[in-house]
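Going letter by letter, the sequence shown gives residues 771 to 1035 in the working numbering.
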Amino acid sequence: MQLFLNKFFQEDDSVEDDSAETILVSTIDGRLRALNSLTGEVKWTLQEEPVLRSPSAVKQGFTFLPNPIDGSLYVLKNSSLKKLPFNIPQLVHASPCKGNDGILYAGSKKDVWFGIDPKTGLKMETLSSASADRICPANQKQTIFLGRTEYRVSMFDEKNRGKTWNATFNDYSAHLLPEVNTWPFKHYASSSHGYILTFDKETGEMKWEADLKQPVVALYLLRDDGLHKLPFEVMGKETMENVAKVKQRAIFIAEDRKPKNIFRN
């Protein structure tokens, strides 16, 4: 989608960067992008493991489709999808277990903390039960620690040992701080692309849009104490394009109705 409004919302250079907070956007390819909350400008990008890894091949009667946003699972049978009553993290916590349909579940999880410099996105430290690596000399006053949990689940068909399915799901939500109820913006993201629209809650004004080229999985507010969850609503690509066009027309009309100074040089 063409970015219709950037030029309208980036012409005001009077906004102080210090007044803007940092939004951390997680995309399905594993990247964490830090965005200026007032302009949507990308400050830095941190490449991590993909949010989801699962087989792409379809096995008749034994294919599961995971949702990268929350790890929920759908089973594909007879060309129809059925949502399962559990997600990948819940399966891992309950494993080893056996379903009524004869499916055997086995899972594991690994927790990792990594410290970053919030201004540059540079990874300073990685802490886990296996090891502790200091990549750069860490300044404790500047380092913010983000917690990530890796869930691995395997499924086996008790009747047909050849039917197996594996998935790995990386999640930051297990270590999140409380949601910020006073957040002044409302965010929308496309369901299949990396488009984000941000509006002012009070005025309804569209503040900025961004195209991250990869589907958005989660939005967080990055503060000194860590990650706070930011809610967002999912829209289809065409709906988001139409919203942007309507807002663009509204801006043109508003600009045209402004009094003109005929004596201005």
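Don't be surprised by glycine CBs; every beta carbon is placed ideally from N, CA and C.
By the Cβ-count criterion, N848 is exposed, with fewer than 16 other Cβ atoms from all chains shown falling within 10 Å of its own Cβ.
Per DSSP, the continuous beta strand (DSSP E) segment holding Q817 begins and ends at V812 to Q817. If you draw a straight line from the Cα of H998 to the Cα of F939, it is about 20 Å long.
Under the criterion of beta carbons closer than 8 Å, Y921 and G877 qualify as touching, at roughly 7 Å. In the displayed model, A1014 falls within a helix according to three-state DSSP. Per the C-alpha coordinates, the member of V1016, K880 and M1010 positioned closest to T919 is K880. Taking C-alpha positions only, L1000 is separated from N930 by approximately 43 Å. Counting the other Cβ atoms within 10 Å of the Cβ of K971 gives fewer than 16, which makes it exposed.
For H945, no beta strand (DSSP E) encloses it, and the DSSP letter there is neither H nor E. A residue is called buried when at least 16 other Cβ atoms come within 10 angstroms of its Cβ; T890 does not meet this threshold and is exposed. Y990 places its beta carbon less than 7 Å from that of L794.
Distance from the CA of S796 to the CA of L874, rounded to the nearest whole angstrom, comes to 31 Å.
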